[in-house]
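To keep things clear, I will list the structure first and then write my remarks on it.
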Amino acid sequence: MNPHSEPSKRTGDSKPATTSSDSSSPSPSNSPRPPKPSAPANPPSADGPSRRIARTGPTDPAGTAEPAGPTGPANTTNTTNPSALSHPAYIAGSPTSSDPSHSTTPADAATAPSADAQVTLRSPAELADALPYLLGFYPDDSVVMVALHGERGRFGGRVRLGIPTDRAHWPDVADQLADCLISAGQERDERPAAIIVYLCQEPTAGESGKDVKDRLRPLAQRLRTACGALDVPVLEALCLSNGRFWSYCCPDFRCCPAEGTPLVMPGTSVMAAAAAYAGMQVRGSLKEMEARLRPRTGPRAAEQEKVLDTAAGALVPRMLRRDGAAAVRRDTLKLAGAMIHRFRQDTPSGSNRARDACDDALITDAEAADLILGLQDRVTRDRAAEWMDGSAAAPALRLWRALARRCAGGYAEHAVAPLTLAGWVCWSTEDGPSARVALSCALAIDPDYTFAQLLHHAINEGLDPEPLRRCLREQHREAVAATEVPASSTAPAAKETPRPTKRPGQTRPGPAGRPRGPRGTTGPGSRTTDGRSRRRAGRDGDRSRR
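Take the sequence shown: its position 83, counting from 1, is numbered 83 in my numbering, and each next residue is one higher.
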């Protein structure tokens with residue numbers, strides 16, 4: 001389970017949206033619906049504050065979840081929920097509804113940096129459509145929890161975790177996720193008022209979307225119980241599978257049929273329009289993003305592994321030479337700069353798969369092997385991180401991805417360095433979702449890789465990458481200055497070396513019987529090594545006789 005979380009960041013509430021007490025149809029339209037019978041209350045919240053469930057933490061060794069949070073293209077939700085968890089008593093300040101059976105809780109959202117832009121989500125269909133825009137990608141095989149803040153239900157922190165294959169882990173994972181999301185809000189003095197739960201998984205062979213919904217129902221119920229134990233209600237729990245969605249909270253077949261509700265066509269919803277207006281984009285599914293970083297397989301992988309073996313055998317004698325490490329660093333950085341220039345001159349087009357194939361063709365197996373092995377050095381990797389903005393950022397990102405795909409076979413662990421560099425470039429260029437995916441792939445290979453840990457933590461905390469960029473720019477200037485100083489310092493030395501030869505008499509001893517000046521004198525009279533000194537000595541003697 002790889003974490004793909006986003007940092008929590010406090011944002012102000014936008015203007016209130018219009019309230020509604022009706023449920024929407026599967027389409028974005030909001031036609032009125034007749035009242036619906038109430039559903040039974042959720043056990044953890046039926047009798048006021050519930051007993052806190054002891055948490056032992058997830059036992060799935062594949063990964064962990066971390067808190068998340070800046071608002072996505074929209075952070076307003078207005079969802080229907082017939083259960084007791086959606087009762088206004090659980091959300092401070094929420095308007096009461098005359099229809100307690102299937103009431104709605106209005107909320108606002110900012111779709112762009114401006115606080116005036118709003119998107120109001122009024123139905124489970126709109127909530128399901130908003131998920132890819134909240135994360136920046138479609139989360140395959142994942143459980144996603146989104147926090148709602150304030151009386152208007154403003155979107156806040158979010159966590160994503162791969163669904164454990166072992167059902168025995170579900171209770172611990174549910175407790176961990178609920179505690180992680182709620183405690184993250186408390187640390188920022190913004191305890192969630194409610195939570196939205198998404199379960200996303202595609203059916204396996206011989207399975208339908210409804211089968212997936214039924215199979216994941218215990219996990220959804222356990223998540224609702226874990227949040228209720230912490231006094232935070234789950235306002236809606238949705239299952240997304242095979243192009244349809246199901247609600248675990250609404251028992252009414254009139255709005256949530258048993259066969260599921262089709263998702264809206266991509267790009268046709270209000271959320272899609274708001275995201276396009278805000279300049280946001282969905283980068284495909286999580287599997288597609290990870291495929292761009294996954295090592296190649298097949299005959300080409302075998303050939304690359306052989307070249308890596310050859311390059312590693314040649315690298316060891318070079319490193320054992322005097323100043324061999326410095327020479328390898330210079331050669332690696334020089335080759336990386338040449339590759340970035342080559343990638344910049346040839347920009348492919350088409351789908352991601354076609355562009356990656358073109359990038360793979362731009363670098364030979366030998367060049368890839370030298371770069372992969374050279375980047376294992378920490379100093380070389382830090383210097384390579386200087387290609388993180390400007391015109392070098394895009395070709396550098398393509399190069400790091402191509403190198404990660406070349407770490408085949410027994411060299412899979414060597415992909416941590418290029419994966420971390422790819423995550424750094426993505427974060428530096430304000431592509432948070434891609435940065436999280438790359439860093440998560442790196443940490444999945446080596447959880448103790450310090451550079452990836454620091455970057456992943458910084459992204460989750462919502463830090464600004466500019467201070468690190470300034471440090472790297474200063475490091476680059478110092479490195480350039482260090483290479484220029486020896487050249488400038490040797491030139492004056494070459495001009496000064498002939499100077500002592502202009503006065504050879506200073507090093508030539510005089511005859512033994514030649515008169516000398518008084519012992520200890522410092523005037524010209526003490527110099528008796530050439531004719532000029534003798535004349536001065538004679539004049540001094542004349543003065544003494546006078």
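Heads up, the beta-carbon is just placed ideally off N, CA and C, and yes, glycines get one too.
All values reported here derive from a predicted model rather than from experimental measurement.
Distance from the Cα of Thr450 is smallest, within the candidate group Leu463, Glu461, Thr420, for Thr420. The criterion of a C-beta distance shorter than 8 Å is not satisfied by Arg342 and Ala368. The stretch 181 to 226 contains, as complete beta strand (DSSP E) runs of 3+ residues, the segments 194 to 200 (chain order). Contact between Ala125 and Thr261 holds, with the beta-carbon distance rounding to 6 Å and staying under 8 Å. Residue state for Thr268 is assigned as coil, using DSSP reduced to three classes. When DSSP states are grouped into helix, strand and coil, Trp246 belongs to the strand group. If the five residues before and after Tyr198 are omitted, its C-beta is found closer than 6 Å to the C-beta atoms of Leu131, Val144, Leu238, all from its own chain and listed in chain order.
Annotation: Lys210 to His476 spans about 56 Å, alpha carbon to alpha carbon.
Measuring C-alpha to C-alpha distances from Glu236 to each of Phe245, Leu230, Ala229 identifies Phe245 as the nearest.
With 16 or more other Cβ atoms from the protein chains shown falling within 10 Å of its own Cβ, Tyr138 counts as buried. A straight line joining the alpha-carbon of Gly206 with that of Ala327 spans about 58 Å. Residues of the same chain with a CB within less than 6 Å of the CB of Val234, apart from the 5 flanking positions on each side, are Leu85, Ile195, Val197, Arg224, Cys227 in chain order. The three-state secondary structure of Glu236, taken from DSSP, is strand. Distance check between Leu335 and each of Arg191, Ile372, Pro467 places Ile372 closest, using alpha-carbon atoms only.
Within the same chain, and ignoring the five residues on either side of Gly284 in sequence, the residues whose Cβ sits closer than 8 Å to its Cβ are Phe137, Tyr138, Asn352.
For Met145, the enclosing beta strand (DSSP E) stretches over residues 142 to 149.
Residue state for Ser428 is assigned as helix, using DSSP reduced to three classes.
Scanning the stretch 321 to 383 from its first residue to its last, the whole alpha helix (DSSP H) runs of 4-plus residues come out as 324 to 345, 352 to 361, 365 to 374.
For Leu219, the closest of Ala435, Tyr248, Ala314 by C-alpha to C-alpha distance is Tyr248. Taking the CA atoms as reference points, Ser123 sits about 33 Å from Ala168. For Phe451, no beta strand (DSSP E) encloses it; the enclosing alpha helix (DSSP H) starts and ends at 450 to 460. As DSSP reads the structure, Leu161 sits in a beta bridge with Val143. Under the DSSP definition of a beta bridge, Pro262 partners with Arg244. Tyr133 has no beta-bridge partner at all, per DSSP. Checking the DSSP bridge columns, you'll see Tyr138 partnered with Ser285. Buried is the label assigned to Cys426, since at least 16 other Cβ atoms lie within 10 Å of its Cβ. Segment contact: the stretch 397 to 412 against the stretch 449 to 465, fewer than three CB-CB distances shorter than 8 Å; contact not assigned. A distance of 8 Å or more separates the beta carbons of Leu293 and Met339. If you ignore the 5 residues before and after Gly324, its C-beta comes within less than 6 Å of the C-beta of Arg318, all in its own chain and listed in chain order. With contacts defined as CB atoms closer than 8 Å, Leu134 and Val119 fail to qualify as a contacting pair.
The Cβ atoms of Asp231 and Glu303 do not sit closer than 8 Å to each other.
Straight through space, the alpha carbons of Arg330 and Arg381 are spaced by roughly 12 Å.
DSSP places Asp172 in the helix class (H, G or I) of the three-state scheme. Using a Cβ distance threshold of 8 Å, Ser434 and Met388 do not count as a contacting pair. Nearest to Ala404 by alpha-carbon distance, out of Ala393, Gln345, Ala396, Val416, is Val416.
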